[in-house]
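Residue numbers (the numbering used here): 2 to 59.
Written out as structure tokens, the structure is:
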């Protein structure tokens, strides 16, 4: 399968950058620097691994 190597690299990157304590992948908003602990900040923390998982499914 031609896409196997890029998917393996993507998965490896996610595992390497995942916060082991929370399971999240740190992300920042491209629109504004958000304060940690706010809903907007936490949204990006939840959104990043969700988007990554969707990309890996495709």
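The beta-carbon is built from N, C-alpha and C at its ideal position, and this holds for glycine as well. Given the structure is predicted, the values throughout are model-derived calculations rather than measurements.
In this structure, DSSP gives residue 23 a state outside helix and strand, which the three-state scheme calls coil. The C-beta distance from residue 54 to residue 28 rounds to 13 Å, too long to fall under 8 Å, and the pair is not in contact.
Comparing alpha carbon positions, the residue from 4, 46, 16 closest to residue 34 is 46. Annotated three-state conformation of residue 29 is coil, per DSSP.
In the structure shown, residue 17 adopts helical secondary structure according to DSSP, grouped into three states.
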